[in-house]
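Visitor: Just so we're aligned, residue 90 is where the sequence shown starts under this note's numbering, counting upward by one.
Each residue gets a CB set at the ideal place from its N, CA and C atoms; glycine is no exception.
Predicted, not measured: the structure shown is a model, and the values here were computed from it.
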Amino acid sequence: MSEGVQTSPAFSQRVFSGIQPSGGLTLGNYLGALKRFADSQNSGVQSIFCMVDLHAITVWQDPDKLRRATRELCAGFIASGIDPEKSILFNQSQVPEHAQMAWIFNCVARMGWMKRMTQFKDKAGKNAENASLGLFAYPALMAADILTYHTTHVPVGEDQKQHLELARDIATKFNHDYGVEFFPLTEPVIEGAATRVMSLRDGSKKMSKSDPSDMSRINMTDDADTIAGKIRKARTDPEPLPSDVKGLEDRPEARNLVNIYAALNDQSVEAVLRDVGGKQFSEFKPMLSELAVEKLAPISGEMARLMEQPDEIDAILRRGSEQARAIATPIVEKTYDIVGMVR
Ligand code: ATP
Ligand code: MG
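1) Suppose the cutoff is 6 Å on Cβ atoms and the five residues either side in sequence are ignored; what does the same chain contact list for residue 320 look like?
2) Would residue 410 and residue 366 be called neighbours here (beta carbons separated by less than 8 Å)?
3) Could you give the distance in angstroms between the alpha-carbon of residue 107 and the alpha-carbon of residue 369?
4) Just to confirm, are residue 337 and residue 384 a CB contact at a threshold of 8 Å?
5) Assign residue 383 to one of three DSSP states: helix, strand, or coil.
6) Under 8 Å between the Cβ atoms of residue 120 and residue 165?
7) Can you give me the Cβ contacts of residue 175 inside the same chain, cut-off strictly under 7 Å, excluding the 5 residues immediately before and after it?
8) Could you work out which residue in 285, 238, 425 is closest to residue 274 when comparing CA atoms only?
9) Taking 7 Å as the cut-off, is the C-beta of residue 248 nearer than that to any heavy atom in the ligand MG?
10) Quick one: any contact between the segment 233-248 and the segment 284-293, if contact means 3 or more CB pairs under 8 Å?
11) Could you tell me which uninterrupted alpha helix (DSSP H) segments, each at least 4 residues in length, are contained entirely in the segment 218-301, listed from first to last along the chain?
12) Check whether the Cβ of residue 129 sits closer than 7 Å to any heavy atom of the ligand MG, and report yes or no.
13) With 16 other CB atoms within 10 Å as the buried threshold, where does residue 278 fall?
14) Grouping DSSP H, G and I as helix and E and B as strand, with all else coil, what is residue 93?
15) Would you verify that the beta carbon of residue 378 is, or is not, closer than 8 Å to some beta carbon of chain B?
16) Are residue 227 and residue 147 touching if we call contact CB-CB under 8 Å?
17) Indicate whether residue 424 and residue 190 have their beta-carbon atoms separated by less than 8 Å.
18) Can you tell me whether DSSP reads residue 439 as helix, strand or coil?
19) Assign residue 216 to buried or exposed, taking buried as 16 or more other Cβ atoms, counted over all protein chains shown, within 10 Å of its Cβ.
20) If you measure from the CB of residue 288, is any heavy atom of the ligand MG nearer than 7 Å?
21) Kindly examine the ligand MG and report whether one of its heavy atoms sits closer than 7 Å to the Cβ of residue 332.
22) Does the beta-carbon of residue 297, which I'm using as the reference point, lie nearer than 7 Å to any heavy atom of the ligand MG?
23) Apart from the five residues just before and just after residue 348, which ones in its own chain have a Cβ nearer than 6 Å to its Cβ?
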C-alpha cells in the first residue's frame, strides 16, 4: 500500500478494482492490475474485485463472446492468485447498486469534467458523435463502482489515474453539496515497474485487450511459440541496451521491454540494466520470452482448467455478488436518503 495516504481516518482500508471483459487478458492487465491485486489481497486488506461487464458494453460486444470473456476473466483472476475465499470476486451487472449509484453521480459530475477525459477521446477517436452515451459516462460509473464500497485504495494502471481523480472530484462535490462527509477521497495505487505496458508495435500506445492488432499485445492465453514470435517481432531500435535508466530516455520501445522484464522478474529497472546493459536485442529478446513464458504458462494452464467448469465459475460470481451487495446496499440506501429520495 502506498505511503502517506490522505483518506479520512473515518474510513477503514478497503481495496476495490475492476477489469472489463472486453476481450482476453493481456500482459498489461497482468502487470498493471492482476499481479498487484494478489499482493493487496495477501497484505490482509479487505479486497473486492469486479468484472465490469457494464463498462464493457460501452462499446459493442457480441453477447456470447461477452459471456465467455466474463467467465475467462474470472478464471484469470483466480489463476493470478485471487482467492474467492479471501477476496470478494463478482461481476458488476449482478450488483444493481453500481448502476443506481452511477445515476446519482451522473447528476453530480459536470459536462466540463467529462469532456477532459482522455480515455473517451482515445476510444471515441475521430468519430466521437457516433460513440455511445455510455462511453462518455464511463468515468461516473467507475466512480460508482469505487464509492459504492467506500473504497479507500484502488490499484490500477497509469491509464486510469485521470478517472480516479474524477472519482475524488465527484466525492468532494457530493460531500460539499449535501454538507456531509459521506464518501472517502479514494487513493489510486499505481506502483511497480510496469504501470503502463506499451504496445509491442508502437511504443507510444498503451497495450490494450481491445486493440485490433493481436501482434500489439501478449495475451495471457498465448502459447510459448506465440509469445516468442511476438517478442521477436516487437519494434525496437538498433542500439544495444544501456547500462542505466537515463539511457532509456527517448527509447520508448527499449524502455517498455526492460520494464516488462523487471516487473515479471520482481526486479528494479536499475537491477535489470546492470545485468543486460550492453546486450543487443537479439540476445535480450529471447531472455524476455523465456521469462514471460515461465511466468504466464502456469497461469494460462490454470485458466484453461477452470474454464472447463463454467458452472463453478458462475457459482463463485453469484456468491461474490451476494457478498458485494451486503456492503453496497446500505451505502446506496444512505446515499438516496441524503439526496432526498423518499424511501
Ligand atoms: P480495453 O482496451 O477494453 O480498455 P484494457 O486492456 O485497457 O482493455 P481495462 O479492463 O480497461 O483493460 O483495464 C483493467 C486494468 O488493467 C486497469 O487497472 C488498467 O489500468 C490496467 N491496464 C490496462 N492496460 C494496461 C497496460 N497497458 N499497462 C498497465 N496496466 C494496464
Ligand atoms: Mg482500458
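Guide: Inspection of the coordinates gives the following:
1) Residue 320 sits at position 231 when you count from the first residue of the sequence shown. Closer than 6 Å at Cβ, skipping near neighbours: 374, 377, 378.
2) Residue numbering aside, residue 410 sits at position 321 when the sequence shown is read from its first letter. Residue numbering aside, residue 366 sits at position 277 when the sequence shown is read from its first letter. Not a contact, by the Cβ cut-off of 8 Å.
3) For the purposes of this step, residue 107 is taken as residue 18 along the sequence shown, with counting starting at 1. For the purposes of this step, residue 369 is taken as residue 280 along the sequence shown, with counting starting at 1. Taking the straight line from one Cα to the other gives about 38 Å.
4) Position 248 of the sequence shown, counted from the start, is the residue given in the question as residue 337. Position 295 of the sequence shown, counted from the start, is the residue given in the question as residue 384. Not closer than 8 Å, so no.
5) As a position in the sequence shown, residue 383 is number 294, starting the count at 1. In this structure, residue 383 counts as helix in the three-state DSSP scheme.
6) Taking the sequence shown and counting its residues from 1, one reaches residue 120 at position 31. Taking the sequence shown and counting its residues from 1, one reaches residue 165 at position 76. It is not a contact, given that the beta carbons lie outside the stated cut-off.
7) As a position in the sequence shown, residue 175 is number 86, starting the count at 1. These residues qualify, in order along the chain: 130.
8) For the purposes of this step, residue 274 is identified with residue 185 of the sequence shown, where counting begins at 1. When each option's Cα is compared against that of residue 274, the closest is 238.
9) If you number the sequence shown from 1, residue 248 lands on position 159. Yes, Cβ of residue 248 sits closer than 7 Å to a heavy atom of the ligand MG.
10) yes
11) 222-236, 250-267
12) Taking the first residue of the sequence shown as 1, we reach residue 129 at position 40. No, the ligand MG has no heavy atom inside 7 Å of this Cβ.
13) As a working mapping, residue 278 is identified with position 189 in the sequence shown. It is buried - the Cβ of residue 278 has at least 16 other Cβ atoms within 10 Å.
14) Along the sequence shown, read from residue 1 onward, the residue named residue 93 stands at position 4. Low confidence applies here, because residue 93 scores a pLDDT of 43, under 50, leaving its location unreliable; read the following figure in that light. Coil at residue 93, not helix or strand.
15) This model lacks chain B altogether, as it is built from one protein chain only.
16) The residue given as residue 227 occupies position 138 in the sequence shown. The residue given as residue 147 occupies position 58 in the sequence shown. Taking 8 Å as the Cβ cut-off, residue 227 and residue 147 qualify as a contacting pair.
17) Taking the first residue of the sequence shown as 1, we reach residue 424 at position 335. Taking the first residue of the sequence shown as 1, we reach residue 190 at position 101. Yes, these two residues count as a Cβ contact at 8 Å.
18) Residue numbering for the chain in the displayed model covers 90 to 432; residue 439 lies beyond these limits and cannot be assessed.
19) For the purposes of this step, residue 216 is taken as the residue at position 127 of the sequence shown. Exposed: under 16 other Cβ atoms inside 10 Å.
20) In the sequence shown, counting from the first residue as 1, residue 288 sits at position 199. No; taking the cut-off as 7 Å, the Cβ of residue 288 has no heavy atom of the ligand MG nearer than that.
21) Working through the sequence shown from its first residue, we reach residue 332 at position 243. Because no heavy atom of the ligand MG lies under 7 Å away, the Cβ of residue 332 does not count as near it: no.
22) Within the sequence shown, the letter at position 208 stands for residue 297. Within the cutoff, so yes.
23) Within the sequence shown, numbered from 1, the residue matching residue 348 stands at position 259. Excluding residues within five positions, the ones whose Cβ falls inside 6 Å are 282, 283.
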